[in-house]
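Residue numbers (this note's numbering): 1 to 538. What follows is one structure encoded as structure tokens, with my remarks underneath.
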């Protein structure tokens, strides 16, 4: 611990400060519950979404995060924090900001946590840290065995906070002919970072550790409280997401190859349809029998299941068979690693992404069930359409860009550049009638005939997905008409498009790779102001 100034605080004052901190966090938690209640009642603020085939909720409140980044952290005291795993390390960093230096001992999805053997350096880091964050519940028993000095160190053990201890040490087993790895936890589910309740309690405990160690009136404590308040707002958004789905009666049924995200799914009101015999076998030292495995495969393939949950870090032969069954029956597969993935910045953002994938009830933003995607034809796009690129260049979408910048995580100039790349095209008008598409450039038109070639579901880096409907030119294709055309309009089933993004090229395979340029079209009958208003309404 490094102090930039020295202060002497009386014991009575310390106790009073600790009590104040506890009360403050209890109030914050109450605010979360209050906001969640508003969500259930349907009092939910609308969001802004400019036309973009990959628009997504990235997890958490981006406006709160952006606002927080604009305020410099003031740190009279800084702390060395060591977390056993990066799930909790990322939370500790978010809550401490610049006032903490966080080291996560397991910090990659390429590391097998159940076989992890700590180094001498790892154990030294644990014993020298000012604050240590452990998962507990038997998950990181190697870290719990460190020789801590509790008179100087603060230990946050999430398992202890939740009153969950390991019933027995998890076991490891390799069988002949099976390249996979099994890990078992008996009746204990130690994946506490997937429990919204545990995450909230851990956030409170970590913040209190910062405040108590720094002193309630210190700059560090005030910085930690500001970060917690911002985080708590994001948590309220997360709870509102769940409650909104509950209010709509969304109740997903799932099979899981292991119980990794069961806490989160239970919180969302999902129903576990995993055959008990399969679960019992996977949670013990035995393997599923042929009959148990067949029962699980039949369950995944049946109409009574929406999702299959897999852990890509633990894809043994049994998990692979269930994954194949889900693919062949066009079921949604939710993939959840144990460690925080490299493409996720925060624990809460990650939970929000997984919750969106499991709820699959926001098609516009790319959260939908695979089995709900249906074929479509050109009649859904029949109309005269205008490109929005000229409107952007002429400044007629300025209020849309300004609104996006106010809510999002980029500046107005950055959004302008982003959409300039996305919307860019020399085709100012597209006319679709029957099986023909006409492309107009500089007043000159080219027409070709197209046949439907099916659809492709694309998985995006942020966790959401999109559907492209593919059409291929037939006969002699005139110059100026693309051989491959793909439409994306946020729809996943037959229905009239209100606008669309179009991708074009010489082949469907190559065109599917295009992610940065998505020329966007609205009905030609709409004025520039009407287009802008429609964008703001999304």
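Backbone N, C-alpha and C fix where the C-beta goes; we use that ideal spot for every residue, glycine too.
#### Entry: Distance between residue 522 and residue 103 (C-alpha atoms, nearest Å)
49 Å
### Task
Can you grab the Cα-Cα spacing for the pair residue 229 / residue 95, in whole Å?
9 Å
### Query
Which class does residue 110 belong to by DSSP, given the choice of helix, strand or coil?
coil
### Query
Given that a residue counts as buried once 16 or more other Cβ atoms are within 10 Å of its Cβ, and exposed if not, what is residue 324?
exposed
### Query
Which residues bound the beta strand (DSSP E) around residue 334?
332 to 335
### Task
Taking residue 331 and residue 300 to be in contact with their CB atoms under 8 Å, please state how far apart those CB atoms are, rounded to whole angstroms.
6 Å
#### Entry: residue 252 in three-state terms, based on DSSP
coil
#### Entry: First through last residue of the beta strand (DSSP E) which encompasses residue 300
Where residue 300 is concerned, there is no enclosing beta strand (DSSP E), although the alpha helix (DSSP H) it sits in stretches over 290 to 301.
### Task
List the residues that DSSP assigns as beta-bridge partners of residue 555.
A query on residue 555 cannot be resolved here, the shown segment of the chain reaching from 1 to 538 and no further.
### Query
Between the C-alpha atoms of residue 370 and residue 527, what's the straight-line distance to the nearest angstrom?
Cα to Cα, residue 370 sits roughly 36 Å from residue 527.
### Coil, strand or helix - residue 340 by DSSP
Secondary structure at residue 340: coil, using DSSP grouped into helix, strand and coil.
### Query
Buried or exposed: residue 225, going by 16 or more other Cβ atoms within 10 Å of its Cβ?
buried
### Query
For the alpha helix (DSSP H) that residue 318 lies in, which residues bound it at each end?
317 to 328 is the span of the alpha helix (DSSP H), which, as asked, contains residue 318.
### Opening and closing residue of the alpha helix (DSSP H) in which residue 522 lies
Taken as a continuous stretch (DSSP letters only), residue 522 belongs to no alpha helix (DSSP H), being part of the beta strand (DSSP E) at 520 to 523.
### Query
Among 124, 213 and 118, which has the Cα closest to the Cα of residue 156?
213
### Query
For the stretch 340 to 352 against the stretch 74 to 89, are there 3 or more C-beta pairs whose distance is under 8 Å?
yes
### Query
Hey, would you say residue 306 sits closer than 9 Å to residue 360, going by beta carbons?
yes
### Query
Are residue 481 and residue 448 close, meaning C-beta to C-beta below 9 Å?
yes
### Query
Applying the criterion that 16 or more other CB atoms from any shown protein chain within 10 Å of the CB defines a buried residue, is residue 392 buried or exposed?
buried
### Task
Would you mind sorting residue 364 into buried or exposed? The rule is 16 or more other CB atoms within 10 Å of its CB.
exposed
#### Entry: Helix, strand or coil at residue 153 according to DSSP, with G and I counted as helix
Residue 153: coil per DSSP, three-state reduction.
### Task
Go through its chain and collect everything with a Cβ distance to residue 525's Cβ below 7 Å, but skip five positions before and after it.
none
#### Entry: Between the CA atoms of residue 71 and residue 252 - distance to the nearest angstrom
As the crow flies, the alpha-carbon of residue 252 is around 40 Å from that of residue 71.
### Task
Go through the stretch 75 to 138 residue by residue and report every complete run of the beta strand (DSSP E) that reaches 3 residues or more, in order.
77 to 85, 100 to 106 and 131 to 134
#### Entry: the stretch 403 to 422 in contact with the stretch 436 to 450 per 3-pair CB rule at 8 Å
no
### Query
Between residue 126 and residue 137, is the Cβ-Cβ spacing less than 9 Å?
no
### Query
So is residue 432 buried or exposed if we call it buried at 16+ other beta carbons inside 10 Å?
A buried status is given to residue 432, since no fewer than 16 other beta-carbon atoms sit within 10 Å of its beta-carbon.
### Message
Taking 7 Å as the limit between beta carbons, can you name the residues of its chain near residue 75, skipping five residues before and five after?
### Response
98, 99, 219, 220 and 223
### Query
Any idea if residue 115 is buried or exposed, counting beta-carbon neighbours within 10 angstroms, 16 or more meaning buried?
exposed
### Query
Sorted by chain position, which residues of the same chain lie with C-beta nearer than 8 Å to residue 492's C-beta, five sequence neighbours on each side aside?
363, 368, 372, 373, 374 and 467
### Query
Within 10 angstroms of its Cβ, does residue 34 collect 16 or more other Cβ (buried), or is it exposed?
In this predicted model, residue 34 has a pLDDT of only 41, less than 50, meaning its place in the structure is not dependable enough to derive any value.
### Query
Buried or exposed: which applies to residue 397, given that a residue is buried once 16 or more other Cβ atoms fall within 10 Å of its Cβ?
buried
### Query
In three-state terms, what does DSSP make of residue 538?
coil
### Query
Between the C-alpha atoms of residue 176 and residue 347, what's the straight-line distance to the nearest angstrom?
Because the pLDDT of residue 176 is 37, which lies under 50, any placement of that residue in the model is unreliable, and the number read from its coordinates should be weighed accordingly. If you take the alpha carbons of residue 176 and residue 347, they lie about 37 Å apart.
#### Entry: Minimum C-alpha distance to residue 429 - residue among 386, 516 and 450
386
### Message
At the level of alpha carbons, what is the spacing between residue 164 and residue 316?
### Response
28 Å
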